[in-house]
Every structure is written in C-alpha cells, then in structure tokens.
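2 protein chains.
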Amino acid sequence: MSLRFEILHTRGKARRGRLHTKHGVVDTPAFMPVGTCATVKAMMPESVAATGAQILLGNTYHLMLRPGADLVEKMGGLHKFMNWDKPILTDSGGFQVMSLSGLRKLSEEGVKFSSHIDGRQYFLSPEESIKIQHKLDSNITMCMDECVKLPASYETLKKSVEMSMRWAVRSKAAFVDRDGYGIFGIQQGGDNHDLRAYSAAELTKVGFDGYAIGGLAVGEGQETMFQVLDYAPQMLPADKPRYLMGVGRPDDIVGAVLRGVDMFDCVMPTRSGRTSQAFTARGTVNVRNARHREDPRPLEAECDCPLCRNYSRAYIHHLQKCNEVLAIMLLTWHNIRYYQRLMQGLRSAVESDTLEDFAADFYARQTAGDIEEI
Amino acid sequence: MSLRFEILHTRGKARRGRLHTKHGVVDTPAFMPVGTCATVKAMMPESVAATGAQILLGNTYHLMLRPGADLVEKMGGLHKFMNWDKPILTDSGGFQVMSLSGLRKLSEEGVKFSSHIDGRQYFLSPEESIKIQHKLDSNITMCMDECVKLPASYETLKKSVEMSMRWAVRSKAAFVDRDGYGIFGIQQGGDNHDLRAYSAAELTKVGFDGYAIGGLAVGEGQETMFQVLDYAPQMLPADKPRYLMGVGRPDDIVGAVLRGVDMFDCVMPTRSGRTSQAFTARGTVNVRNARHREDPRPLEAECDCPLCRNYSRAYIHHLQKCNEVLAIMLLTWHNIRYYQRLMQGLRSAVESDTLEDFAADFYARQTAGDIEEI
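Chains as they are written, first to last, in our numbering: chain A, 1 to 374; chain B, 1 to 374.
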C-alpha cells in the first residue's frame, strides 16, 4: 500500500490520525474544502492553506468536461495547474454524472451521459474514471461506484451495492500504484446493516488504502445517518482512514467523529459564503439581516480569520447589501476557517481524552441561541 | 496648509514628488485604485497595498447612499471601516450625481437628486459634500464642482466654470483644517485656454493643498486631452500636486506625466478585471480568447503579481470560461499591479532623467503587436 496512515491516539471510537502522501501529511479528523473546477471558489490557494486545510477535494466530473483531463495533465497535473502543492483527493465523477449531467444511460459497463455545459456525449466507466484521476495526479483516487438515494428498497440497494463492488474490483485493477498515492474503496448498502457488512467485506478482500462511507447524506436525515454510522465505520479495517463522503454540517461532523470517521468533504462552507451565511459557534448567521447594519463587533470574537480580525459586522453587512465580491471572499474564508478550527478542536480533544466534553460543549453552544445574543 | 508636498526631482515638465498625509506618504506620479463602495472590487485591502498602491479613491456619492456617512463616521471613519490604513482621497460626489442618480435639479445652491438604488431624495451642496468627506475622514477632500461633457460651447463652459469657482470658495470655507489632511481645488474650463487660465487664477487666489484638472476624459479623445494638458497643468501652482481626475488608460497616463501631472485615478484596471481584460506591456489582452486555452506560459513573464507568478494563461482562461470568482480576483490584482509597476517605472525614469526614453520604449511596446507574438 502506498499511503501510510498512522493512528496517533484513540478515544472511544474516535481516532486521531495522520495520513502521509506524496504532497504532504493530512492530520485527521480532517475536513477537505471542495475545489470543484480547479479552484476553491473565491479563495486564493494560499488563503485556503492559511485556514489550516491540508487537503482539497477535486471533482472529476467537472474537470473532465472543463478544461479536460488531458489538458490538466499537459499542464503538469492539478496541483501545478491550480497552484496547490498539498494533497488532493478526487471523487470518481460517478455521483455528479448521476446528479448533474443530461441524458444518461447506466449499464454494467459504465455510464453514458451528456455534458450539462454543452451537451457533448461522454462515457465514464470505473477504468476511465481511474485513468482520469491519474491524469489529474490525484493523491487519493476514489473508486467509481453507484450511489442510491434514500429511502430505497432492499432489492434496489442490494442490486446497486453488488454492482458497486464489482466496480470496486475493476477500479482497483485499473489503479497504477505509486509511492505517496492511493485508492479508496467506497462502502455502499444504504441504511441496511447486512448490505453494509457485505460491502465492507468485499472491499476488504480487494484491499484499499482507505475506505469511504458512501450513500449517506442523500436525503435520509441526521438521525438515520447516525444510526448507520453507529455500525458502518467499525465494519471497515481499523488501520485505514475512513472517509464520510459529502458530509456535512458541523453537527454532522462532530457526531461522525464520535463514531469513528476520519475524513470529510462538503460544499457547505464555500457555498454558504456565496449566500450570506456564516458558520459560528452559535450556529449559522445571515449577515444580510438588518440587525447587523450598525454593529461594530466582529462576527466572532474568537475567530482569527481576516473577516473577524479586521472588520465589523456592519462592514460585512454593507458589502453584502452592495453585492460586493469581497463579501463572498471574506465569508468563504471565515467559513472554511470555522470548519478547520472545528477539526483542530476535535483533533485536540481526541488527543487529550476530552472528546465527550468537547462534543457536549459544542452542541450546547450551537443550540444556546444565535450570535445576536452574545 | 496641512498637506506637505515635496518635489524631489523634475525632468522637463514631469515631477517626482512626495505627498505627506496623516496616514502616510504618497510617492508621485501616483495612481489611485478606486474603492467605490468602501472596497476595491474583488481585492483584500492588504493585496491592494501589496501592489504598491499608496492611496485609494473613495466615492462620496456611493458612500453617502450606502452605508451613509454617519454610519462610516460612527465606525471610526473609512480607513477603519474598510481596513485600509493608508491615505484616502474622496471625490465630491458631484460627478456621480450628474451621471448616475435619478431625477436631479441643479441650482446655484447645489443639486437635488434621487438615489439610483432606492429613489430616496437627497441634496448635495459644496458645504454638504465637504461635511460628508469630513465624516468619512478623507485625507484629501475634493471641492464640489460641475463637470461639463465635451464638446460644449464657450457660453456653456464659461457659465459652468464660473459657478464651479464660486463653489470652490464655498468648499474651502466649509473645510476644517487638520494636520495631515487637505483640500484640492478643481480647475475647469473644458478645452478653452482662457477659461482654464481664469479657473486656475481663481483657485490660486483661494489657495488649496493641491489642484485637480477636471473636465477631461469626458468624451473629447486623447488628442484634445493632450492639447489641453500642454498648457493647463502649468497654469497651476508649481509647488502643489496636480491631479488629473478619472484618467485613464496607460498611454493617457504616460502622456500626462510628461505634461506635468502628478496624480491619477481610474476604474479601468478594476473594471477590466471583471471583463476578462488584462493590461500588459503589449497592450490589453482578453484572456477569454480561445488561443490561451493550452498556453502554459504566464500572462506576463516580467510581472510579479500572483497571476503571473503562479499560473498559466491556460488556467486563467479556464477560470474565465467557468465564470469563477478567482478569475476576477487574479485579473484585478494583475491590472492594479500593472498600473503600479507603470507608475514605479515613471517615477524611476523622472529620477534618473530618462523619462523620454522610458516613454518612447513604452509606446513602442504598446504598439508592437499583442502578447500572442511575444
């Protein structure tokens, strides 16, 4: 295996780990900001690094359409193309094909689809996905799988997970092993315990550098997600990183870390930065709200991002009202920094055996009333 | 007088100067990026400073409407509100009222108008404009004047410049003198030599910390503008800074420095950053053009901005095609840096008595064919 993972400390099911890649280390539990089109929207890459982020997620679907994997390869790979020299994980593209693309036809072989940008026809298979991720020079390649929206019948889930496991074998076979690079399998099985166990066993037989938990955060709600996370992570090899795909809200992440998950990605901090939403210890705040108009205080006194260090709530409110680009820039930075501070807090809490206190305090503050009342 | 201006060196009509304000020095010839709504669009203020810009222009019209001068004052002034601790110059608001606002009525007293945002009624007079600029804590307050579009008849120009000179007296009377702050008069008179002379004489009688040349770059073309600049700057006191308002393109600036102008402002570098236009030594380049798609070279090898240091033309082309915010951020930074490098070059050339060579080289490169052929 070509990605080394150390577990430095555990507390209950939670783990404090360190993943070593060609482009540097990732301290876990880790949150990966999403850089869909070879940019974390509205952020300079050096600013993303300044938030404490050690790894980004890139989207194979978007990049294969624009600018194309061959061009990225020609430009020296995704790290060089987007000026990010730390680790990159890429998804397989399968999820976005099924949710974003036009006319598509799924078969055992793969999926035919048309681009949502210009209607051009493409074909994506496990082999093709792995090849594209190789061209992108992704440190962590993801298997191509099928993700079923919940709720779904047992038969639907079973048929799908079986195909995904065949695709996992094909993905692994197509992967070219290199030092500091690796491939993750993806557990499916929806909210069914036995199918999750089946999927974990199949993946473990193949053997991967890490294991993702897929098929959650797809409409089932936090309660069901946590029920699955009560057992699913423990079905996966204990000595490998576990990655919960597409999750999530801060309270989702805290709950998942308690249940043994090591890695996360979500568009929420970046997308919210473009819709006036700020994440804070007291929950989300809409800075467009008129109550901020004359408020000289920083958004969060305890935050060290440029928005909170250098500006008043009145200023960010003003920028939002004027639809200024700087509003998006500052809010995105704050939100990514909020997520990274949360992950730093979780890592410290695991290390110091205080995770339960940390989580209790986190949930108490989130529900204590919003930032206006501080 | 409360703003000290040193002339360090001259070469022909051109001057290398230094203006001292409460918030620091401004080396001239200087270009002021425009921060209309208390932000230089798509730039962090520390990034603006990193380009070499030593002074910003703020727009009184926009700020009086949103967030309002009283709020900015309450927040500690414009420097603190927008996190820019270097000098700020504000215009009077008069020009924008006449070009942007809704229903307006001009009289000797001032101008009644309705906001272009919400239709609310306002009244702006010389006294009111100076008061607002004081509340903003502007280092350089501009007199309120009337600016006539060219071509215009002698009678129109004469009537207007006479009122502007009465407004200059009222503006100066309303200005509260403070150490490190000053007020500039504005010469009007269109393209008429005698009216320019009359205006200069009237302003000099009142006495100002600096003198702007107004009423140019209003449709007359570069040839007429340079004809006026052949005589207008020399009508103004030699020991005070001369500021050509709203100018301009790089070639306008070089020509105006040769004719004795010290200060400039223009939205061009920032606005172009939002419309895919990059300024380069070889003229402007549209990075959206398909010829950049696979070009691994930096936009300008000799430029030290983040765009040129860290990215290929292929990457900025990709960002533009995807309408990514980072494209605006990087192009705006490049354009402001281009303008600041130009000003640094002009200052060095005056100092070293090589301005004619610098200008000849500048014009030769601008017309030598575009960047594709480098």
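Even for Gly, the Cβ is constructed at its ideal location relative to N, Cα and C.
Nothing here was measured: the structure is a model prediction, and the numbers come from that model.
- Between B/L78 and B/H116, the C-beta spacing is not below 9 Å.
- Considering only beta carbons, the part of the region 52-73 of chain B lying closer than 7 Å to chain A consists of R66, P67, L71, in chain order.
- Nearest neighbour of A/A42 by Cα position, chosen from A/I328, A/S2, A/K205, A/H20, turns out to be A/I328.
- Below the 8 Å Cβ cutoff, chain A contributes no neighbours of B/F208, its closest Cβ being approximately 31 Å away.
- The secondary-structure analysis by DSSP pairs A/Y243 across a beta bridge with A/A212, A/M263.
- Secondary structure at A/T156: helix, using DSSP grouped into helix, strand and coil.
- Taking C-alpha positions only, B/G283 is separated from B/V40 by approximately 23 Å.
- Residue environment: A/N323 is assigned as exposed (fewer than 16 neighbouring CB atoms within 10 Å of its CB, all protein chains considered).
- Under the Cβ distance rule, A/V325 counts among the residues neighbouring chain B, one pair being separated by less than 9 Å.
- Cβ contact annotation for B/T156 (same chain, cutoff 7 Å, sequence separation greater than five): V148, in chain order.
- The secondary-structure analysis by DSSP pairs B/M142 across a beta bridge with B/F184.
- C-alpha of B/K86 to C-alpha of B/G76: approximately 14 Å in a straight line.
- Approximately 43 Å separates the beta-carbon atoms of B/H292 and B/Y231; this is outside 8 Å, ruling out the contact.
- Annotation for B/M225: no beta strand (DSSP E) segment contains it, though the alpha helix (DSSP H) segment containing it runs 221-229.
- With distances taken between CA atoms, B/L57 lies nearest to B/W84 out of B/A364, B/G190, B/W84, B/L319.
- Residue-level contact by beta carbon fails for A/S115 and chain B, as no gap is shorter than 9 Å.
- Counting of Cβ neighbours within 10 angstroms places A/V325 among the buried residues, the total reaching 16 or more.
- Rounded to whole angstroms, the gap between the alpha carbons of A/P241 and B/T51 is 43 Å.
- The count of Cβ pairs closer than 8 Å, one atom from the region 289-304 of chain B and one from the region 360-368 of chain A, stays below three, leaving the stretches out of contact.
- Ranked by Cα distance from B/A14, the first of B/G246, B/P233, B/R309 is B/P233.
- At least 9 Å separates the beta-carbon of B/L195 from that of B/G12.
- Between A/D251 and A/I186 a beta carbon distance of about 24 Å is seen, past the 8 Å cut, so the two are scored as non-contacting.
- By the CB criterion at 9 Å, A/T28 and A/R347 fall inside the cutoff.
- Using a C-beta cut-off of 8 Å, the region 2-10 of chain B makes no contact with the region 313-322 of chain B, since fewer than three inter-stretch Cβ pairs fall below that distance.
- Note that the C-beta distance between B/S99 and B/C143 is not below 9 Å.
- For B/P33, the closest of B/S2, B/M268, B/S171 by C-alpha to C-alpha distance is B/M268.
- Against B/F81, the close residues of chain A are Y315, in the order they occur along the chain (beta-carbon pairs closer than 7 Å).
- Closest option to A/N310, judged by alpha-carbon separation, among B/S2, B/P296, B/P45: B/P45.
- Under the three-state reduction of DSSP output, A/L63 falls in the helix class.
- Beta bridge pairing from DSSP links A/R4 with A/H20.
- Between B/T60 and B/Q133, the gap from beta carbon to beta carbon is short of 9 Å.
- When only Cα atoms are considered, A/I253 and A/G94 end up about 24 Å apart.
- Around A/C308, no beta-carbon contact reaches into chain B at under 7 Å, the shortest distance being about 12 Å.
- About 12 Å separates the CB atoms of B/S129 and B/E109; that is not less than 8 Å, and the two are not in contact.
- Shown here for B/R337: same chain residues with a beta carbon closer than 8 Å to its own, the five before and five after excluded, namely T51, G52, C303, D304, C305 in chain order.
- Bridge partners of B/V285 according to DSSP: B/A278.
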